[in-house]
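Comments concern the structure below.
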Amino acid sequence: MRKIAFVFFFLFYCFFYSQNLEVSDEEVYEAINFIIKKRSEKSIKEIKIITEDPNVKGDFKYYDDKILKEFFNVKDLKVIKDQYTTINDFVLNPKYIFNLRIIHKKELLSYSSSNNSFWTEFNKKHGNVAFMFVGKPLFTLDKKRVIINYGYYCGGLCGWGERVILKKVKNIWIIEKVVSGFIS
12 MRKIAFVFFF
22 LFYCFFYSQN
32 LEVSDEEVYE
42 AINFIIKKRS
52 EKSIKEIKII
62 TEDPNVKGDF
72 KYYDDKILKE
82 FFNVKDLKVI
92 KDQYTTINDF
102 VLNPKYIFNL
112 RIIHKKELLS
122 YSSSNNSFWT
132 EFNKKHGNVA
142 FMFVGKPLFT
152 LDKKRVIINY
162 GYYCGGLCGW
172 GERVILKKVK
182 NIWIIEKVVS
192 GFIS
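In my numbering, the protein residues as written are 12 to 195.
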């Protein structure tokens, strides 16, 4: 009887603590395309290009905030932290992005390595346009909330971005909370 109880407890423990979240590309890009649609209206210049978030930090302390604990329970925070470990590997997939050209972060950051300024190189290659950036959406266990970074840059001292919590209400994403942001 003890062995059966131990096996049952062990299986329950493994199930409870090893919940890996599988998020499909469709779910990821549903959140990203909501952000693209919602926020491209706020830019000063026309946005024709999108890239991965160039401001990503490799340390979860970047997200560790009292505000997050208001919106996410312990299980969700663990799942979000697990997803965060692969945040630097996130690459936009052109299959799911429409009406914007993808310039991957690696290429974009290479413009800074020339003798010219970043914006001189960028404008030479792409014209005088703004670019949007978006980070990997980090989902809760039930996939009803997401935390995501996004924004745009439109010149040397021209840009805007924020970190938001999205919530799915009646199968539609809404911005539930702006966690932080910047403007230049």
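For every residue, glycine included, the Cβ atom is placed at its ideal position computed from N, Cα and C.
Using DSSP with H/G/I as helix, E/B as strand and the rest coil, what is residue i?
| i | result |
| --- | --- |
| residue 57 | coil |
| residue 44 | helix |
| residue 155 | coil |
| residue 107 | coil |
| residue 180 | strand |
| residue 99 | helix |
| residue 188 | strand |
| residue 32 | coil |
| residue 88 | helix |
| residue 67 | coil |
Please check if any C-beta of chain C sits within less than 8 angstroms of the C-beta of residue i.
| i | result |
| --- | --- |
| residue 140 | This model lacks chain C altogether; it includes just one protein chain. |
Less than 8 angstroms separating the beta-carbons of residue i and residue j?
| i | j | result |
| --- | --- | --- |
| residue 173 | residue 195 | no |
| residue 116 | residue 62 | yes |
| residue 143 | residue 58 | yes |
| residue 111 | residue 47 | yes |
| residue 179 | residue 82 | no |
| residue 177 | residue 184 | yes |
Mind checking which residues open and close the alpha helix (DSSP H) that includes residue i?
| i | result |
| --- | --- |
| residue 121 | 116 to 121 |
| residue 82 | 77 to 82 |
| residue 135 | 129 to 137 |
Short of 6 angstroms in beta carbon distance, which residues of its chain neighbour residue i, apart from the five on each side in sequence? Order them along the chain.
| i | result |
| --- | --- |
| residue 26 | In this prediction, residue 26 has a pLDDT of 48, which is less than 50 and means its spatial position is unreliable; what the coordinates show is noted afterwards. Contacts found: none. |
| residue 124 | none |
| residue 64 | 144, 146 and 160 |
| residue 34 | 150 |
| residue 39 | 148 |
| residue 45 | 184 |
Leaving aside the five residues before and after residue i along the sequence, list all residues of the same chain whose C-beta is less than 8 angstroms from its C-beta, in chain order.
| i | result |
| --- | --- |
| residue 49 | 186 |
| residue 113 | 60, 61, 62, 103 and 105 |
Give every residue of the same chain whose Cβ lies closer than 7 angstroms to the Cβ of residue i, excluding the five residues on either side of it in the sequence, and list them in chain order.
| i | result |
| --- | --- |
| residue 29 | Because the pLDDT at residue 29 is just 47, under 50, the model does not fix this residue reliably, and the value given afterwards should be weighed accordingly. Nothing listed; no residue qualifies. |
| residue 18 | Any reading at residue 18 is ruled out, since the residue's pLDDT is 45, under 50, leaving its predicted position unreliable. |
| residue 197 | A query on residue 197 cannot be resolved here, the shown segment of the chain reaching from 12 to 195 and no further. |
| residue 36 | 104 and 107 |
The beta strand (DSSP E) with residue i in it runs from where to where?
| i | result |
| --- | --- |
| residue 142 | 141 to 145 |
Counting pairs of Cβ atoms below 8 angstroms between the stretch 140 to 159 and the stretch 77 to 89, do you hit three or more?
Segments in contact, yes.
Answer yes if the stretch 94 to 105 comes into contact with the stretch 140 to 153, meaning at least three C-beta pairs across the two stretches below 8 angstroms, and no otherwise.
Yes, the stretch 140 to 153 touches the stretch 94 to 105.
With three or more beta-carbon pairs closer than 8 angstroms as the criterion, would you say the stretch 158 to 167 touches the stretch 129 to 141?
Contact holds: three or more Cβ-Cβ distances are below 8 angstroms.
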